[in-house]
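Colleague: Numbering (numbering that gives the first Met the number 0), first residue to last: 0 to 143. Backbone N, C-alpha and C fix where the C-beta goes; we use that ideal spot for every residue, glycine too. Keep in mind that this is a model prediction, so the values were computed, not measured. I'd like to ask you about the structure that follows.
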Amino acid sequence: MTPETRAERSAAAMWASDRASQALGMRIAAIGPGTATLTMPVRDDFLNGHGICHGGYIFLLADSAFAFACNSYNQLVVAQENTITFLSPGRAGELLTAHAQEQHLAGRSGVYDITVTGADGRKVALMRGLSRQVQGQHFTEDSE
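The structure is reproduced here in structure tokens:
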């Protein structure tokens, strides 16, 4: 099995039970070994009292991209630490994109950088995630 196929199968197994990301309208735009890109539309019910999307929903998108990237090797991986900086708000009707990229993977620990961008390409948030592998897999290598 190629690394790309393994990443796709891991993402499919995770996505099948990820009702939270699905309910928020997220979609997997791209997946590969150590990388993932997810999108999410900014709905009116995501807006705060200032009429913008800032904070929690943006974190959820970044964290989901991080999760799919660090779980792309068919190993069960959880977040150990996340640090996020919010740079600009999301706007109603806008499609946000979160791209997660592995920076370092050694043993059971990984480091990932996640960039969330707005529809116009501006940076909305930057996040660094540290991951930790736990026991288990998303699917068995011989499963169809």
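Between the C-alpha atoms of residue 140 and residue 102, what's the straight-line distance to the nearest angstrom?
Modeller: 26 Å
Colleague: Could you tell me the alpha carbon to alpha carbon distance between residue 55 and residue 5, rounded to whole angstroms?
Modeller: 30 Å
Colleague: Can you have a look at residue 0 and say buried or exposed, based on whether 16 or more other CB atoms are within 10 angstroms of its CB?
Modeller: Classification of residue 0: exposed, given that the 10 Å Cβ count is below 16.
Colleague: Measuring CB to CB, does residue 63 end up less than 8 Å from residue 33?
Modeller: no
Colleague: Work out the CA separation of residue 41 and residue 19 for me, nearest whole Å.
Modeller: 15 Å
Colleague: Indicate the three-state DSSP secondary structure (helix, strand or coil) for residue 58 in the structure shown.
Modeller: helix
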